[in-house]
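Trainee: Quick one: the structure is below, questions incoming.
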Amino acid sequence: MKAYMRKSINGLCEIVMNNFDIDSREKILFGFCNRQRNRVKILVWDDNGFWIHFNKTMA
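Residue numbers (this note's numbering): 1257 to 1315.
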């Protein structure tokens, strides 16, 4: 899903809850990329809270 890369955990959770009928705390990985698709954020819930994994490809 395309998203603003400036969004943090709260903003990404809001996107998930507004666009899907899913609780953002489900055991699902949510992936977000920028328009150029050279940056990826992955939102993950575990029992301790949310994690954001970020990757920027060097082309």
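Quick reminder that beta carbons are idealized off the backbone N, C-alpha and C, glycines included.
Considering only the alpha carbon of each residue, which of Phe1310, Ile1284, Lys1297 lies closest to Asp1303?
Mentor: Against the sequence shown, residue 1303 aligns to sequence position 47. Minimum Cα distance to Asp1303 is reached at Ile1284.
Trainee: For Phe1288, which residues does DSSP report across the bridge?
Mentor: By 1-based counting over the sequence shown, the position of residue 1288 is 32. Answer by DSSP bridge pairing, in chain order: Lys1297.
Trainee: Starting from Val1274, trace the alpha helix (DSSP H) in both directions and tell me its first and last residue.
Mentor: The residue you call residue 1274 lines up with position 18 of the sequence shown. A small correction: the amino acid at residue 1274 is Asn; Val does not occupy that position in the sequence shown. Asn1274 -> alpha helix (DSSP H) spans 1265-1275.
Trainee: Terminal residues of the continuous beta strand (DSSP E) containing Lys1312?
Mentor: Residue 1312 sits at position 56 when you count from the first residue of the sequence shown. That run of the beta strand (DSSP E) goes 1305-1312.
Trainee: Who pairs with Asp1302 in a beta bridge, going by DSSP?
Mentor: To locate residue 1302, count along the sequence shown from 1; it is residue 46. In DSSP, Asp1302 forms a bridge with Gly1305.
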